[in-house]
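J.: I have a structure here, written as structure tokens, and I will follow up with some questions on it.
In the working numbering, the protein residues as written are 36 to 490.
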């Protein structure tokens, strides 16, 4: 490997702790990363071929945020972080500066994860498991963050603002809706550009729906056990970046493609709702890889068991995001606002939403996250849909979310299926479900449209 030069260090200014992430201001880029327990943060710069060019120590630490300003950085710059601190799994700390980490606030991710033992903070196969420490560099196997230029001309775009009581949602997958549509140019199939094609728009209008709900489009990971079988993670419920569109859904190299899709949908009178997975990440449990949050501040992002070496697993995926922590809560709220303000989506469907409302003592409709969303003026006008269950304690919470939320109503689903199948004794309940499930939602001024009736 060629000798690195650290020439930019002397030109690095202190910058500001806000906004978090990599922010281009027209002259340079401000880098800011939250980590409560880190002792040092290195900004790593890469060329377009993924070769590391420089490592620059962020010079300032303010209110648990490491930051610096690089005057000569530009959009398109690829980067990542190495975060120093204690490697003490028994205390919940898993810092390992040999592992390149994705910025949780990265607006774009380039490249794909290449599974290798280097991605793990511990040495695979070691008799001490995750208590061991691995010194191999993971950078060659990691995707890279990309600084973006957020500029976009929206023109005459206006959100349809369809009333809830006239909303018909069509749940769809970016690839599934476009890959086999012969009217879409082959190079655009499976992408956001394919979604905005006239063939898709006319199909949605013909169906009579008012909104398209996209299965997860946040950057996600293909699990190794799937790749070993020649498969991929099709559905996307394995997020690793909550600001970046998944790279495979871009036909080109710019995230403006997503904005173009939204503008086209809005022009056709269709709303865009995102299925979002803020309950866990792709890093798994204590034996999972170190890709981002685990190496940035494990105790600041994840819910840990009393034995802090281990993770609370209310999701069935190995870890659970900790929205009782101010840093994690801020990241999720900033992500939601970003997709509303910059990407102009019209709402969100929250996967396993009970987890987002679970405090240390159990589910609470007035928990930190639900209260934060309820009082946020930017989120007040968008559609908020909860999947009101998970596998954790007290996980089934249909009808108990706060005012302002709608909920997937599985009782409607089950009853309609049973009635259609010809099961006896279903008519009385069908009348309740068909008229809005007042037994579940008629409280605190919640309206019948709080029930999202689905089959």
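All residues carry an ideal CB built from backbone N, CA and C; glycine is no exception.
Nothing here was measured: the structure is a model prediction, and the numbers come from that model.
#1: Quick one: measure Cβ to Cβ for residue 250 and residue 310, integer angstroms, because I've assumed they're closer than 8 Å.
#2: Would you tell me roughly how many angstroms separate the C-alpha atoms of residue 299 and residue 133, rounded to the nearest one?
#3: Rounded to a whole number of angstroms, what is the C-alpha to C-alpha distance between residue 68 and residue 129?
#4: For residue 420, which of 477, 489, 401, 86 has the nearest alpha-carbon?
#5: Have a look at the DSSP bridge pairing and note the partners of residue 310.
#6: Going straight from the alpha carbon of residue 233 to that of residue 226, what length do you get?
#7: Starting from residue 298, trace the alpha helix (DSSP H) in both directions and tell me its first and last residue.
#8: Mind checking who residue 274 pairs with in its DSSP beta bridge?
#9: Spatial neighbours of residue 377 within its chain, please: C-beta separation below 7 Å, excluding the five flanking residues on both sides.
#10: Would you say residue 279 and residue 112 are within 7 Å of each other, going by their C-beta atoms?
#11: Any chance the stretch 203 to 210 sits against the stretch 156 to 171, with 3 or more Cβ pairs inside 8 Å?
#12: Quick check: the stretch 346 to 353 against the stretch 421 to 434, are at least 3 beta-carbon pairs closer than 8 Å?
#13: For residue 485, count the other beta carbons within 10 Å of its own beta carbon; 16 or more makes it buried, fewer makes it exposed. Which is it?
#14: Identify the continuous alpha helix (DSSP H) that holds residue 446 and give its terminal residues.
#15: Classify residue 39 as helix, strand or coil using the three-state DSSP reduction.
#16: Could you please give me the residues that DSSP links to residue 128 through a beta bridge?
#17: Beta-carbon within less than 8 Å of residue 176's beta-carbon, same chain only, minus the 5 sequence neighbours each way: which residues are those?
#18: Spatial neighbours of residue 66 within its chain, please: C-beta separation below 6 Å, excluding the five flanking residues on both sides.
#19: Got a sec, what are the start and stop residues for the beta strand (DSSP E) residue 486 sits in?
#20: Less than 8 Å between the CB atoms is what I'm expecting for residue 327 and residue 136, so what's the real figure, rounded?
#21: Reducing DSSP to helix, strand and coil, say where residue 101 ends up.
#22: In its own chain, which residues sit with a C-beta less than 8 Å from the C-beta of residue 106, not counting the 5 before and 5 after it?
#23: What distance in whole Å lies between the Cβ atoms of residue 223 and residue 229, which are believed to be in contact at a cut-off of 8 Å?
#24: Quick check: residue 87 and residue 145, are their CB atoms within less than 7 Å of each other?
#25: Give a yes or no on whether the C-beta atoms belonging to residue 338 and residue 355 are separated by under 7 Å.
#26: DSSP three-state call for residue 21: helix, strand or coil?
#27: With DSSP run on the structure shown, which of helix, strand or coil describes residue 95?
#28: Assuming residue 325 and residue 131 form a contact by the criterion Cβ under 8 Å, report the distance between their Cβ atoms to the nearest whole angstrom.
#29: So, using beta-carbon positions, are residue 344 and residue 195 closer together than 7 Å?
#30: Cα-Cα, which of 422, 191, 401, 97 is closest to residue 75?
#31: Residue 256 and residue 317 - do their beta-carbons sit closer together than 7 Å?
#32: Buried or exposed: residue 260, going by 16 or more other Cβ atoms within 10 Å of its Cβ?
#33: What residues match up with residue 247 in a beta bridge as DSSP calls it?
#34: Do you know offhand how far residue 192's Cα is from residue 231's?
T.: On the basis of the supplied data:
#1: Going by Cβ atoms, the distance from residue 250 to residue 310 rounds to 5 Å, so yes, they are a contact pair.
#2: When rounded, the distance between both Cα atoms is 44 Å.
#3: 17 Å
#4: 489
#5: 384
#6: 14 Å
#7: Per DSSP, residue 298 is one residue of the alpha helix (DSSP H) stretching across 291 to 302.
#8: DSSP output for residue 274 lists 255 as bridge partner(s).
#9: Closer than 7 Å at Cβ, skipping near neighbours: 185.
#10: Not in contact: residue 279 and residue 112 (Cβ atoms no closer than 7 Å).
#11: no
#12: yes
#13: buried
#14: 445 to 456
#15: Its pLDDT being 44, under 50, residue 39 is placed unreliably by the model, and the measurement read from it follows with that caveat. Look at residue 39 here: in three-state DSSP terms it is coil, with no helix or strand label.
#16: 123
#17: 148, 149, 150, 151, 153, 154, listed in sequence order.
#18: 57, 78, 103
#19: 486 to 488
#20: 5 Å
#21: strand
#22: 46, 48, 62, 63
#23: Residue 223 and residue 229 do touch by the CB rule: their CB atoms are close to 4 Å apart, below 8 Å.
#24: no
#25: yes
#26: Since the first and last residues shown for the chain are 36 and 490, residue 21 lies out of range.
#27: strand
#28: 6 Å
#29: No, these two residues do not count as a Cβ contact at 7 Å.
#30: 97
#31: It is a contact, given that the beta carbons lie within the stated cut-off.
#32: Looking at its Cβ environment, which holds fewer than 16 other Cβ atoms inside 10 Å, residue 260 is exposed.
#33: 205, 307
#34: 14 Å
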